[in-house]
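Protein sequences, first through last, are from chains A and B.
For what it's worth, the numbering used here labels the leading residue of the first sequence as 5, then goes sequentially.
For what it's worth, the numbering used here labels the leading residue of the second sequence as 5, then goes sequentially.
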Amino acid sequence: MAAELPSGPKIPQRPAAKRENPALDNLLRFGKYFITRVISLSITLVIAVYLTVLVANMGGAVDQIREGQIRERIGLMALADPEIMRMPVEDRRAMEEELVRLEMSRYGLDRPFIVRSFGYLTRAMTLNLGRAEYLTSDSGSNQVKLIILERLPTTLLLMMSSFLLIFFISLYFALYLSRHYGSFMDRAVIALAPVSSGPAWFYGIFLIMFFAAVIGIMPFGGMVKAPPPTQWFRYALSVLHHMTLPVIAVFCSSLFIAVYSRRTFFLIYSTEDYVEMAKAKGLSPRAIERRYILRPTLPPIITQFALALIGQWQGAYILETVFNWPGLGLVMLEAINMYDTPVIVANSVIFGYLLAFTVFILDIIYAIIDPRVKVGSEEGRL
Amino acid sequence: MEKNKKIFNVKDLCLYFQTKRGPVQAVDQVSFSLVCGRTIVFVGESGCGKTSLARAILRLLPRNVHTYSGKVFLNSINIMALKEEVFRKEIRWVKAAMVPQAAMNALNPVIKVEEQIAEPLLVHDLVQTKDEAHKRVVEACRLVGLPLDFLGRYPFELSGGMRQRAAIAMALAAKPDLVVLDEPTSALDLLTQANIMNVLKRIKKETGITFILITHDIGTSSELADDAAVMYAGQIVEKSDAAHFFTEPLHPYAEKLMASVPTLREDKELDFIPGQPPSLLNPPSGCRFADRCHKRFDKCVYEPPFLEVKKNHWVKCWLYE
Numbered sequence: 005m006a007a008e009l010p011s012g013p014k015i016p017q018r019p020a021a022k023r024e025n026p027a028l029d030n031l032l033r034f035g036k037y038f039i040t041r042v043i044s045l046s047i048t049l050v051i052a053v054y055l056t057v058l059v060a061n062m063g064g065a066v067d068q069i070r071e072g073q074i075r076e077r078i079g080l081m082a083l084a085d086p087e088i089m090r091m092p093v094e095d096r097r098a099m100e101e102e103l104v105r106l107e108m109s110r111y112g113l114d115r116p117f118i119v120r121s122f123g124y125l126t127r128a129m130t131l132n133l134g135r136a137e138y139l140t141s142d143s144g145s146n147q148v149k150l151i152i153l154e155r156l157p158t159t160l161l162l163m164m165s166s167f168l169l170i171f172f173i174s175l176y177f178a179l180y181l182s183r184h185y186g187s188f189m190d191r192a193v194i195a196l197a198p199v200s201s202g203p204a205w206f207y208g209i210f211l212i213m214f215f216a217a218v219i220g221i222m223p224f225g226g227m228v229k230a231p232p233p234t235q236w237f238r239y240a241l242s243v244l245h246h247m248t249l250p251v252i253a254v255f256c257s258s259l260f261i262a263v264y265s266r267r268t269f270f271l272i273y274s275t276e277d278y279v280e281m282a283k284a285k286g287l288s289p290r291a292i293e294r295r296y297i298l299r300p301t302l303p304p305i306i307t308q309f310a311l312a313l314i315g316q317w318q319g320a321y322i323l324e325t326v327f328n329w330p331g332l333g334l335v336m337l338e339a340i341n342m343y344d345t346p347v348i349v350a351n352s353v354i355f356g357y358l359l360a361f362t363v364f365i366l367d368i369i370y371a372i373i374d375p376r377v378k379v380g381s382e383e384g385r386l
Numbered sequence: 005m006e007k008n009k010k011i012f013n014v015k016d017l018c019l020y021f022q023t024k025r026g027p028v029q030a031v032d033q034v035s036f037s038l039v040c041g042r043t044i045v046f047v048g049e050s051g052c053g054k055t056s057l058a059r060a061i062l063r064l065l066p067r068n069v070h071t072y073s074g075k076v077f078l079n080s081i082n083i084m085a086l087k088e089e090v091f092r093k094e095i096r097w098v099k100a101a102m103v104p105q106a107a108m109n110a111l112n113p114v115i116k117v118e119e120q121i122a123e124p125l126l127v128h129d130l131v132q133t134k135d136e137a138h139k140r141v142v143e144a145c146r147l148v149g150l151p152l153d154f155l156g157r158y159p160f161e162l163s164g165g166m167r168q169r170a171a172i173a174m175a176l177a178a179k180p181d182l183v184v185l186d187e188p189t190s191a192l193d194l195l196t197q198a199n200i201m202n203v204l205k206r207i208k209k210e211t212g213i214t215f216i217l218i219t220h221d222i223g224t225s226s227e228l229a230d231d232a233a234v235m236y237a238g239q240i241v242e243k244s245d246a247a248h249f250f251t252e253p254l255h256p257y258a259e260k261l262m263a264s265v266p267t268l269r270e271d272k273e274l275d276f277i278p279g280q281p282p283s284l285l286n287p288p289s290g291c292r293f294a295d296r297c298h299k300r301f302d303k304c305v306y307e308p309p310f311l312e313v314k315k316n317h318w319v320k321c322w323l324y325e
C-alpha cells in the first residue's frame, strides 16, 4: 500500500471491521430496501383501492339509490300479489316496510356505509371481486374474476408486444442517430416527431379505412377470424394478422417521439467526461456505447419504460374499442355503458395491482443496475 | 526507451472548430518537440487553447471540427496519418494516455474502480488474464497511493482526491510512453494538490515517463516541469527549459503572467494584464497580444517570427529580433 512507500503520501486506512462481510452486509441492506418498498407500495395500493370503493359508491350516496330500487321492487311485487292487495292499508304498509327491512339487511345496507366500506376494501384487495350485474364472460360465467382473467391476456398480448417492439427499436435507433448526429436520417426523425401528437386510435381509424376498407388486405377488427382456425399455428397466424394494424397504429403514435427523446438523451450523456475517457482509452465504439452510454443511462431509461408502460395501459381503452380487440379496455367500456359497477371497480383494482406490480419490479431492477441505489441511504452520499 | 532521443514532435498542429459565426482557431500552427522522459508544461489563461491542444494531440475531437491538420510524431511515427481504427488499437492508451480536466467525472459511475483501471489493459491485450490485470492495477495504485480497498468500490464512494488518483492510476497502468495531464489538480484543495504533485514527481523519477502538463496554475506546475511553453490565443508564444522560463521569462505576456503569481517571501504587488484575450473567431493579424501589451511598438502589426533568442529559448516577439 501507499503507506509502505517511503515517499508515498499517507492515507488513513478505513477501519477494517466495517467491511467484515460485505456480501452479507449487502444482502441485509438489500432486504431492508426490499421490505420498505413492499410496505410503502401496499399502503399506496390500499389507499387507491379504498378511494375507488368510495368513488364507485359515491361516498355512500349509492345506498339511497339502492334503497329506492328495493322499495320500488317491493312495491311492484306487492301490487302484483292479490293476497297482499286484499290486506287493510295499514297492514299492507307494515308488511311492505318489513319486507324492505329484510331486503336491506340481506344486502347489508342496515349497517353504516363506513363500516361496510372496509368490508368492500378487504374483498377488493383479496381479489374477491363478486358477480357482475349484467356482463358475462365468454364462457357464460358472471363471476367478475373470470370476466377479467379472460380478457387480461389479450390486452397483455397487444399492449406488451407493441410496447416492447417500440421500446427496443427506439433504443437502438436512437443510439444509431446519436452516433450520426445531424445526418439526413436524424433530421427526418426530428421532422416526423410531431406525428406522435396524434393518439394511436386516431391512426387506427385511418389504417382501418385504408387497409381494410379500401385495399381489403387487413381485417376490420377483432382478434381472430371467425370461425377460429383449429390448428394452433393457423390460429397464431390469424391473431398476428389481426394484431398488425393496431400495432402499427401504436407505432405511428409513439415511435418518432420516443426515438427523438432518447436520441437527445443519449447525445447529452455521450458528452460526459467518462465517455470521452473511454474513447481516449481506445475502447471500440460498440463497447463505449454499451458500457459508457447505455449502462449509466439504464436507470432513467427503465423509469421511462415503466412510465410509458403505465401510459399504454390507460391508452388501451379507445384503441381496443376502435379495433374491437377483446381486451380489458373493451370490457371496461361495455361495463361503463351498462352501469355494471362490480366490473368497473374490479377493473380499477386490477389496474391498481398492475401499476403497483410494475413499480415494484422497477424498484428491484433499479437496485440491481444502479450501485448508488443498492448501497442505500447510509453510505450513498456524494 | 533510450534517453535523449526525441520521441515526441508536433509540427504545425491546427485545430479549428466550426461555429455559426465562422471557424474558431483554438490551436493554430503549434509546433514543439519533447525529449523522452522530460515533462513540458503548457501555461496560459483560460481559453487560450491549452485543452484543445491536448485534444488535438490525442485526437479527441468534438463533433464540430472545422480543420484538423499537422503532424504529430510519437516514436518517429506520424500518428496523425494513422487510420482511426489503427490509432485506436495501437496508440490510444497503449502509447498515449491522458488524465482529463475535471477527472472527478472521468470515472464511469456504475463500474467498479478496479474494473475501470483494468479495462484498457484487457481491451488492448496488454495482459492475458484477469489475475495479471489485477497485478498491474495493484502496481499502478501503489504508485499513485490509492488504498487497495478502494478498488472494489464505485467511484461515488471515493473522495475527489482519491478519484483523481484513480484517474492517474488508470493512465499509468498501461505504461504508456506519453501521458497528457490536463489540469490534473485544479479542482482539488491545496493539500491534495500538493499531494498529487508529489505523486506525479515520484512517478516521473521512477518510471521515466513523458508528461505533457497543461495548467493555469503556474506555481504548482514549476514543481514538475523540465520545459515550459506559454500559449496565448491558440499559439505558442514562448518555449524554453523550465529553469530559465520561471526565472526570466522573455515574452511580455509571459512576464506579466509570472508577475501575477503570488509568492510568499517577496513583497510584491500582484500584477494583472488589462483586457481580455482576443476572440479566436477572428484573431487580429500581426501579434495577437499587441492590444494588451505594455511594450508594443510599430512592428507589432505584423506577425512576429518564432525566434531562438538563447539556446533552446524560443520567443514569438519582435522585441528580440
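Glycine included, every Cβ here is placed at the ideal spot set by N, Cα and C.
Fair warning: this is a prediction, and the values are worked out from it, not measured in the lab.
| Asked | Found |
| --- | --- |
| Over the uninterrupted beta strand (DSSP E) stretch that includes residue 72 of chain B, give me the two end residues. | 69-78 |
| Assuming residue 98 of chain B contacts residue 175 of chain B under a Cβ cut-off of 8 Å, what Cβ separation, rounded to an integer in Å, is found between them? | Going by Cβ atoms, the distance from residue 98 of chain B to residue 175 of chain B rounds to 12 Å, so no, they are not a contact pair. |
| Quick one: Cα of residue 303 of chain B to Cα of residue 322 of chain B, how far? | 7 Å |
| Short of 9 Å Cβ to Cβ, which residues in the segment 293-320 of chain A face chain B? | 295, 296, 299, 300, 302, 303 |
| Using a Cβ-Cβ distance under 9 Å, would residue 92 of chain B count as near chain A? | yes |
| Check whether the Cβ atoms of residue 367 of chain B and residue 308 of chain B sit closer than 9 Å, and answer yes or no. | Because chain B spans 5 through 325 in this model, residue 367 of chain B falls outside it and cannot be assessed. |
| Taking 9 Å as the CB-CB limit, is residue 201 of chain A close to chain B? | no |
| May I ask you to list, following chain order, the residues of the segment 107-136 of chain B that have a beta carbon less than 9 Å from some beta carbon of chain A? | 107, 108, 109, 110, 111, 112, 113, 114, 115, 116, 120, 123, 124, 127, 128 |
| Whose Cβ in chain A lies nearer than 7 Å to the Cβ of residue 104 of chain B? | 277, 280, 281 |
| Please state if the CB of residue 104 of chain B and the CB of residue 198 of chain B are separated by a distance shorter than 9 Å. | no |
| With DSSP collapsed to three states, give me the class of residue 67 of chain A. | helix |
| Thinking residue 186 of chain B and residue 102 of chain B are a contact (beta carbons under 8 Å), I'd like their distance in whole angstroms, please. | 6 Å |
| On the three-state DSSP scale, how would you describe residue 3 of chain A? | Outside the displayed span of chain A (5 to 386) sits residue 3 of chain A, for which this structure offers no information. |
| Would you say residue 285 of chain A reaches chain B, if we count a Cβ-Cβ gap shorter than 9 Å as a contact? | yes |
| Let's test the definition: count the other Cβ atoms within 10 Å of the Cβ of residue 183 of chain B and tell me whether it reaches 16, buried, or not, exposed. | buried |
| Quick one: does residue 344 of chain B have its CB under 9 Å from some CB of chain A? | Here chain B comprises residues numbered 5 to 325, so residue 344 of chain B is not present and cannot be evaluated. |
| Beta-carbon within less than 7 Å of residue 266 of chain B's beta-carbon, same chain only, minus the 5 sequence neighbours each way: which residues are those? | 274 |
| How many angstroms separate the CA atom of residue 328 of chain A from the CA atom of residue 340 of chain A? | 16 Å |
| Of all the options A:243, A:210, A:224, which has the alpha carbon lying nearest to the alpha carbon of residue 232 of chain A? | A:243 |
| Quick test of your reading: residue 110 of chain B and residue 281 of chain A, contact by CB under 8 Å. State the CB separation rounded to the nearest angstrom. | 5 Å |
| Along chain B, in chain order, which residues have C-beta atoms closer than 7 Å to that of residue 375 of chain A? | 114, 158 |
| Compile a chain-ordered list of the residues in the segment 181-211 of chain A whose CB is closer than 9 Å to at least one CB of chain B. | 185, 186 |
| So, do the segment 202-221 of chain A and the segment 241-260 of chain A have three or more beta carbon pairs nearer to each other than 8 Å? | yes |
| Please classify residue 227 of chain A as buried or exposed, where buried requires at least 16 neighbouring CB atoms within 10 angstroms. | buried |
| Please classify residue 236 of chain A as buried or exposed, where buried requires at least 16 other C-beta atoms within 10 Å of its C-beta. | exposed |
| Three-state secondary structure (DSSP) at residue 26 of chain B? | strand |
| From the beta carbon of residue 174 of chain B, is the nearest beta carbon of chain A less than 9 Å away? | yes |
| Is residue 166 of chain A buried or exposed, if buried means 16 or more other CB atoms sit within 10 Å of its CB? | buried |
| Whole angstroms is fine: what's the gap from residue 1 of chain A's alpha carbon to residue 351 of chain A's? | No answer is possible for residue 1 of chain A: the residues shown for chain A start at 5 and end at 386. |
| What is the rounded straight-line gap between the Cα of residue 192 of chain A and the Cα of residue 145 of chain A? | 52 Å |
| Let's see if you can read the secondary structure: which residues bound the beta strand (DSSP E) around residue 233 of chain B? | 231-236 |
| Which word fits residue 320 of chain B, buried or exposed, when buried means at least 16 other C-beta atoms lie within 10 angstroms of its C-beta? | buried |
| Give me, in chain order, the residues of the same chain whose beta-carbon lies closer than 6 Å to that of residue 225 of chain A; leave out the 5 immediate sequence neighbours on both sides. | 327, 328 |
| Would you mind reading off the limits of the alpha helix (DSSP H) that contains residue 335 of chain A? | 332-341 |
| Please compile the residues from chain A whose C-beta is within a distance smaller than 9 Å of the C-beta of residue 31 of chain B. | Near residue 31 of chain B there are no residues of chain A at all, since even the closest Cβ is about 17 Å away, more than 9 Å. |
| Does any CB atom of chain A fall closer than 9 Å to the CB of residue 170 of chain B? | no |
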